[in-house]
Amino acid sequence: MADNRPINLSVPSAARMYDWLLDGNFNYEADRLACQELLQHAPTTKALARNNRWFLERVVRTLAEEHGIKQFIDFGSGLPTQNNVHQVAQDFHHDARVVYVDNDPVVLAHGRSILDSNAYTAVIDGDMRQPEAVLEREELRRLINFDEKTAVLFISVLHCVKDVDDPAGIIRRVVAKLKPGSFVVICHLVSDDRRIRDQVTELMRKQTGDNWGRVRERWEVDSLFENLIPHPPGIVDVTDWRPDSELRQHDRSVEWMDYGGLAEVPPGPAQPNS
Numbered sequence: 001m002a003d004n005r006p007i008n009l010s011v012p013s014a015a016r017m018y019d020w021l022l023d024g025n026f027n028y029e030a031d032r033l034a035c036q037e038l039l040q041h042a043p044t045t046k047a048l049a050r051n052n053r054w055f056l057e058r059v060v061r062t063l064a065e066e067h068g069i070k071q072f073i074d075f076g077s078g079l080p081t082q083n084n085v086h087q088v089a090q091d092f093h094h095d096a097r098v099v100y101v102d103n104d105p106v107v108l109a110h111g112r113s114i115l116d117s118n119a120y121t122a123v124i125d126g127d128m129r130q131p132e133a134v135l136e137r138e139e140l141r142r143l144i145n146f147d148e149k150t151a152v153l154f155i156s157v158l159h160c161v162k163d164v165d166d167p168a169g170i171i172r173r174v175v176a177k178l179k180p181g182s183f184v185v186i187c188h189l190v191s192d193d194r195r196i197r198d199q200v201t202e203l204m205r206k207q208t209g210d211n212w213g214r215v216r217e218r219w220e221v222d223s224l225f226e227n228l229i230p231h232p233p234g235i236v237d238v239t240d241w242r243p244d245s246e247l248r249q250h251d252r253s254v255e256w257m258d259y260g261g262l263a264e265v266p267p268g269p270a271q272p273n274s
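Count the sequence shown with the UniProt record's numbering and you get residues 1 to 274, in order.
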């Protein structure tokens with residue numbers, strides 16, 4: 001489906017800024033300038049982006065290899081880079097199905113141009129703040145069977161969601177559609193330093209035209225896992241989530257972190273705490 005929305009490349013996007021932080025090529029001057037300003041507040045953010053990407057690789061490998069998951073939904077997928085979800089998953093299951101969901105027109109156009117020839121993937125235009133509408137999309141249903149166990153990924157994206165749009169509610173509404181034994185992966189930008197939280201939140205809201213939520217605290221991310229069963233090592237700085245190489249441990253973000261983990265959907269309907 002063609003996307004005819006106008007693209008304003010003078011306004012940075014979180015997806016293209018992330019691409020620049022990973023030394024990618026699909027970013028523009030506005031994104032690069034925004035990243036340079038971000039690095040003034042949080043100079044180790046490039047390390048944060050790399051560690052986030054390595055976490056994605058490890059957690060998808062774990063889901064495919066150890067849990068036999070063969071279908072994935074990646075909310076806020078961003079621009080395709082090396083070792084995307086489908087590449088990691090299809091190393092273990094050649095027919096692993098992956099649906100990437102984003103609403104950035106540049107992400108959609110580039111993703112579709114790269115993945116058009118892969119019959120087991122799709123890139124769809126969707127807003128994670130309206131998860132039911134996304135999960136009912138024909139393009140998604142073509143690949144995803146909710147009678148089977150599914151992994152849903154929210155990799156470093158829920159900080160783009162404002163409090164009024166209820167990030168925890170988004171998770172609950174997605175989980176309600178999943179078969180027990182399915183998995184949810186969540187990681188979120190957090191800082192223990194209130195100054196960093198406030199400064200980066202204000203910067204990103206200004207730079208992205210208010211298309212941003214906020215940097216949160218760890219306890220707030222813990223609450224996103226309510227009624228889910230975290231798998232070891234639990235909810236942690238993702239640099240420490242089952243690291244596969246000591247070489248990837250030496251360079252970590254100082255000012256803030258990506259905090260999260262892998263959790264399983266329990267048997268039976270999830271019940272809210274009394």
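Even for Gly, the Cβ is constructed at its ideal location relative to N, Cα and C.
In this text the structure is predicted, and so the values were computed from the model without any measurement.
Can you tell me whether DSSP reads residue i as helix, strand or coil?
{"i": "M257", "result": "strand"}
{"i": "H188", "result": "strand"}
{"i": "Q71", "result": "strand"}
{"i": "F55", "result": "helix"}
{"i": "Y100", "result": "strand"}
{"i": "L262", "result": "strand"}
{"i": "L48", "result": "helix"}
{"i": "D19", "result": "helix"}
{"i": "P167", "result": "helix"}
{"i": "L9", "result": "coil"}
{"i": "D147", "result": "coil"}
{"i": "R173", "result": "helix"}
{"i": "P131", "result": "helix"}
{"i": "A122", "result": "strand"}
{"i": "R61", "result": "helix"}
{"i": "V236", "result": "strand"}
{"i": "R216", "result": "strand"}
Measuring CA to CA, which of the options is closest to residue i?
{"i": "N83", "options": "K177, G76, K70 and F55", "result": "F55"}
{"i": "P105", "options": "F26, G169 and P243", "result": "F26"}
{"i": "S156", "options": "F146, S10, I144 and V185", "result": "V185"}
{"i": "V107", "options": "K149, D193, H188 and A15", "result": "A15"}
{"i": "G76", "options": "A89, V101, V85 and A64", "result": "V101"}
{"i": "E217", "options": "E226, S13, Q90 and M257", "result": "M257"}
{"i": "G24", "options": "H67, M128, G78 and A42", "result": "G78"}
{"i": "H41", "options": "Y259, R194 and E226", "result": "R194"}
{"i": "H94", "options": "N103, Q71 and R112", "result": "Q71"}
{"i": "L158", "options": "I7, L39 and Y259", "result": "Y259"}
{"i": "S13", "options": "N211, L189, P233 and H188", "result": "N211"}
{"i": "W219", "options": "H188, G209 and N8", "result": "H188"}
{"i": "Q90", "options": "I144, N8 and V60", "result": "V60"}
{"i": "L224", "options": "S253, L39, T201 and V175", "result": "V175"}
In angstroms, rounded to a whole number, what distance separates the CA positions of residue i and residue j?
{"i": "D74", "j": "L262", "result": "14 Å"}
{"i": "D31", "j": "L21", "result": "10 Å"}
{"i": "T44", "j": "N51", "result": "11 Å"}
{"i": "L213", "j": "Q199", "result": "In the sequence under discussion, the amino acid at residue 213 is Gly, which differs from the Leu named in the question. Spanning the two alpha carbons is a distance of roughly 13 Å."}
{"i": "A34", "j": "V99", "result": "29 Å"}
{"i": "V164", "j": "I170", "result": "11 Å"}
{"i": "D251", "j": "A47", "result": "6 Å"}
{"i": "P272", "j": "D166", "result": "Model confidence at P272 stands at a pLDDT of 45, short of 50, so the residue's coordinates are unreliable and nothing is read from them."}
{"i": "E57", "j": "V88", "result": "7 Å"}
{"i": "D237", "j": "V221", "result": "11 Å"}
{"i": "E29", "j": "S10", "result": "8 Å"}
{"i": "D240", "j": "T62", "result": "15 Å"}
{"i": "H86", "j": "L140", "result": "15 Å"}
{"i": "A96", "j": "R53", "result": "20 Å"}
{"i": "R205", "j": "L39", "result": "15 Å"}
{"i": "S253", "j": "R112", "result": "32 Å"}
{"i": "I7", "j": "V215", "result": "26 Å"}
In chain order, what residues of the same chain lie with their CB nearer than 7 Å to the CB of residue i, ignoring the 5 residues before and after it?
{"i": "R137", "result": "I124 and G126"}
{"i": "E65", "result": "F92"}
{"i": "Y18", "result": "A49 and G78"}
{"i": "G209", "result": "V11"}
What residues in its chain sit with their C-beta under 8 Å from that of residue i, if we drop five residues either side in the sequence?
{"i": "E37", "result": "L203 and Q207"}
{"i": "V161", "result": "M128, R129, P167, I170 and G213"}
{"i": "P233", "result": "D240, W241, R242 and G261"}
My assumption, with CB atoms under 8 Å, is that residue i sits in contact with residue j. Please give the rounded CB distance.
{"i": "E264", "j": "I196", "result": "In fact, because the Cβ distance is near 32 Å, the residues do not count as touching under 8 Å."}
{"i": "K179", "j": "F146", "result": "6 Å"}
{"i": "L135", "j": "K177", "result": "5 Å"}
{"i": "S191", "j": "K149", "result": "At roughly 34 Å, the Cβ-Cβ gap does not stay under 8 Å, so S191 and K149 are not in contact."}
{"i": "I69", "j": "A151", "result": "5 Å"}
{"i": "R142", "j": "A119", "result": "About 10 Å separates the two Cβ atoms, so there is no contact after all."}
{"i": "residue 275", "j": "R173", "result": "As displayed, the chain neither begins before 1 nor continues past 274, which places residue 275 out of reach and without an answer."}
To which residues of the same chain is residue i closer than 6 Å at the C-beta, ignoring the five residues directly before and after it?
{"i": "H231", "result": "L262"}
{"i": "P267", "result": "P180"}
{"i": "S274", "result": "Any answer about S274 is weak, because its pLDDT of 33 lies below 50 and its placement is not dependable; what the coordinates show is given next. Excluding sequence neighbours, S274 sits near nothing in its chain."}
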